[in-house]
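Student:
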Amino acid sequence: MAELPVDARHVVDELRAIRQSEGVSPRGWAPSESFERVLSEAIRPPLHENEHLAWMHRNWDLGALLAPPPARGVRGVVRRLQHRLIMAVLAPYFSRLQEYLAVSTRAVDVASRRVDDVATNQLRMIGAVRHDMIDFAHYVDRRLDG
Amino acid sequence: MGERSADGTRRRRAAVVMAEWGAHSGEVPSAVRAVAGALALSHDVAVVSLDDRGDLRSLPPRLSEDGIFPVHSVAAAACEARLPAILTTALALGAVRGSRRAGTLPDLATRRLIGMQSRHSPEALERLDKLAPEVVVLAGVESLWIAEALPVGPDRPRVVALPLLGTDERLASDAMATLAEVADAIGAVSPAEERLLRESAGRRDPTLVKRLHVAFPVNGQASHSRLAGIASFGRYLLVISGWPEGDPSAVAGMPHDYLRSVLGPVSVAEVRKGRWLVSEEGRHFEVPWAPSRMNLWRLMAGAVATVDLRRQGPVGREAVESLAFGTPVVVPAGSVAAELAAASNGGLWYEAPGELLDQAGWLLAHEAERLAMGRAGRELVVREHGDTDRFVHECEELAGAVSPAQGTGER
Chain A
0 MAELPVDARH VVDELRAIRQ SEGVSPRGWA PSESFERVLS EAIRPPLHEN
50 EHLAWMHRNW DLGALLAPPP ARGVRGVVRR LQHRLIMAVL APYFSRLQEY
100 LAVSTRAVDV ASRRVDDVAT NQLRMIGAVR HDMIDFAHYV DRRLDG
Chain B
0 MGERSADGTR RRRAAVVMAE WGAHSGEVPS AVRAVAGALA LSHDVAVVSL
50 DDRGDLRSLP PRLSEDGIFP VHSVAAAACE ARLPAILTTA LALGAVRGSR
100 RAGTLPDLAT RRLIGMQSRH SPEALERLDK LAPEVVVLAG VESLWIAEAL
150 PVGPDRPRVV ALPLLGTDER LASDAMATLA EVADAIGAVS PAEERLLRES
200 AGRRDPTLVK RLHVAFPVNG QASHSRLAGI ASFGRYLLVI SGWPEGDPSA
250 VAGMPHDYLR SVLGPVSVAE VRKGRWLVSE EGRHFEVPWA PSRMNLWRLM
300 AGAVATVDLR RQGPVGREAV ESLAFGTPVV VPAGSVAAEL AAASNGGLWY
350 EAPGELLDQA GWLLAHEAER LAMGRAGREL VVREHGDTDR FVHECEELAG
400 AVSPAQGTGE R
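Chains as they are written, first to last, in numbering that gives the first Met the number 0: chain A, 0 to 145; chain B, 0 to 410.
#1: I want to verify the contact list: residues of chain B whose CB lies under 7 angstroms from the CB of valine 10 (chain A), in sequence order.
#2: Give the single residue among B:Leu90, B:Asp50, B:Arg203, B:Asp256 whose Cα lies nearest to the Cα of glycine 126 (chain A).
#3: Looking at chain B, is there any beta carbon in it that lies within less than 7 angstroms of the beta carbon of valine 5 (chain A)?
#4: What is the rounded straight-line gap between the Cα of alanine 138 (chain B) and the Cα of alanine 371 (chain B)?
#5: Which partner residues does leucine 236 (chain B) have in the DSSP bridge list?
#6: How big is the Cα-Cα spacing for histidine 82 (chain A) and glycine 72 (chain A)?
#7: Report yes if the CB atom of glutamate 133 (chain B) is closer than 7 angstroms to the CB atom of proline 60 (chain B), and no otherwise.
#8: Please tell me whether alanine 340 (chain B) has its Cβ less than 7 angstroms away from any Cβ of chain A.
#9: So which of B:Val261, B:Ala37, B:Arg81 has the shortest CA-CA distance to phenylalanine 215 (chain B)?
#10: Taking 6 angstroms as the limit between beta carbons, can you name the residues of its chain near alanine 101 (chain A), skipping five residues before and five after?
#11: Excluding the 5 residues flanking alanine 359 (chain B) on each side, which residues of the same chain have their C-beta closer than 7 angstroms to its C-beta?
#12: Measuring straight from C-alpha to C-alpha, what distance separates arginine 105 (chain A) and serine 111 (chain A)?
#13: By Cβ distance below 7 angstroms, which residues in the same chain neighbour leucine 356 (chain B) in space, the five residues on each side in sequence not counted?
#14: Which residue or residues does DSSP assign as beta-bridge partners of proline 69 (chain B)?
#15: Please decide whether glutamate 368 (chain B) counts as near chain A, where near means a Cβ-Cβ distance under 7 angstroms.
#16: When the cut-off is 7 angstroms and only beta carbons count, does tyrosine 257 (chain B) lie next to chain A?
#17: Using alpha carbons as the reference points, say which of B:Ala367, B:Leu379, B:His392 lies closest to proline 4 (chain A).
#18: For my contact list, glutamate 393 (chain B) and lysine 209 (chain B) are in at a C-beta cut-off of 8 angstroms; report their separation, rounded to the angstrom.
#19: Are the beta-carbon atoms belonging to glutamate 269 (chain B) and glycine 252 (chain B) less than 7 angstroms from one another?
#20: Run the CB neighbour count on serine 291 (chain B), radius 10 Å, all protein chains shown included, and call it buried at 16 or more, exposed below.
#21: Do you know whose CA, among B:Gly315, B:Val217, B:Pro327, B:His212, lies nearest phenylalanine 390 (chain B)'s CA?
#22: Work out the CA separation of glycine 186 (chain B) and threonine 206 (chain B) for me, nearest whole Å.
#23: Grouping DSSP H, G and I as helix and E and B as strand, with all else coil, what is proline 247 (chain B)?
#24: Taking its Cβ as the centre, do 16 or more other Cβ atoms sit within 10 Å of serine 117 (chain B), making it buried, or is it exposed?
Okay, here's the thing in structure tokens:
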């Protein structure tokens, strides 16, 4: 392939001359990357998919732990007796605890979804503002270019 | 120190003095490290690092190993960074308004600026006295004061100055001319630096200023193994806004969709401070691979062009490396990298962000010319920055270990 001679200085001068012939200076401004950083940093997994919250969802129900022990024979009889004795005293407490865990899990779930909604809306707003700014930059450029 | 080499002769001792050795891996430290490495082939090299230790100035000098060289850390306070920045800007504004001719910086302001940036340290002189080197290399403007402070006499070591100021007009000033009285050799790492130094120090003694063709070898394998995950983005422009990590030349990047909205459909890979991003319309990908130089080379090798947004250093290392892969560059005007682009016809340069977009757009639209530029750039870079033997010889010549006529002097 024949070598194509390129003169970098000539190219730069030519590009500048084109600008000058249009009576405009090259843009001295470019939008900053700050919005981009905010946007790219905001893209994270939704909070309601958080692994701790998922664990809470899996483990809030104490039903299996509070059920009578299934063991058979003498050992089973003794264990069930123990269970009945303990439950006779602590059943109201366990019941309240169970209720509390269920409500807490639900509350954290609602809060996380709300946070996700707010974050999504904020992201959408920043995206829209940024889009408008870039549009505005082009508008100013076009006006300056006559 | 002073060990014998394989042929039984005693190796000479050399001390390299620079500010904040090992603090970051920017262009100046990597150039000085290359010089120290070249000298280490024939000298026992020790490093004296002028470190700003903040409130811990009273601590005694520390000796550590950085894996290659023994490093003597001495306390040397840096001045408030904004003061030299303000004075530099004021001097640059003077040039823009035409209040003075180029190359005629006000002497007092220039001396004051160099004085501000100097890191004076009696400990450094004591350390050099103890090391008793035959050669002292003063790298960077922070350490040049040592040339005047070293005692005169038969034991005075050979003083080699490496201002590493790139295209800074101070190089052509009278302040730099006085360096010729106290230095035995002055190294210039770029044609611009050599030209400016010849206007000042070179007037006194033209043989004093010597050009160093800093060798920056690149791993050619990078052009065969593209960075994983990049191929799906097609043609991309590489934008460098922050590299390497901790380098003070990092600047704010440019929004990728703004670039695309001006340049048309092209992917953008950006090496920015702390993270690397690749994007195309509607999709972006944060590069999970280590931000290593090898990975940067992989990005360079596959890019349409490398656009550098950073304040430029005295060697233009990333421009050199991009051209070594045949990828044209778009770099700030007035920099060493821009001179390299002009001399090699390997790239374009810009004054304002708008020009940057014009130049990048031209490269995208002119495929044949772009490829020719890449080839032309590569040719010059291989010739000027790819010869390690020549660089080693030049360093040894600077250190007075060989005469100019010896060895590879024909080159």
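Note that the Cβ used here is the ideal one computed from N, Cα and C, for glycine as well.
Tutor: Taking the definition as stated:
#1: Leu347, Trp361
#2: B:Asp256
#3: yes
#4: 37 angstroms
#5: B:Val267
#6: 15 angstroms
#7: no
#8: yes
#9: B:Ala37
#10: Trp59
#11: Leu236, Leu262, Ala304, Val306, Val329
#12: 10 angstroms
#13: Val261, Leu262
#14: B:Glu64
#15: yes
#16: yes
#17: B:Ala367
#18: 7 angstroms
#19: yes
#20: exposed
#21: B:His212
#22: 11 angstroms
#23: coil
#24: buried
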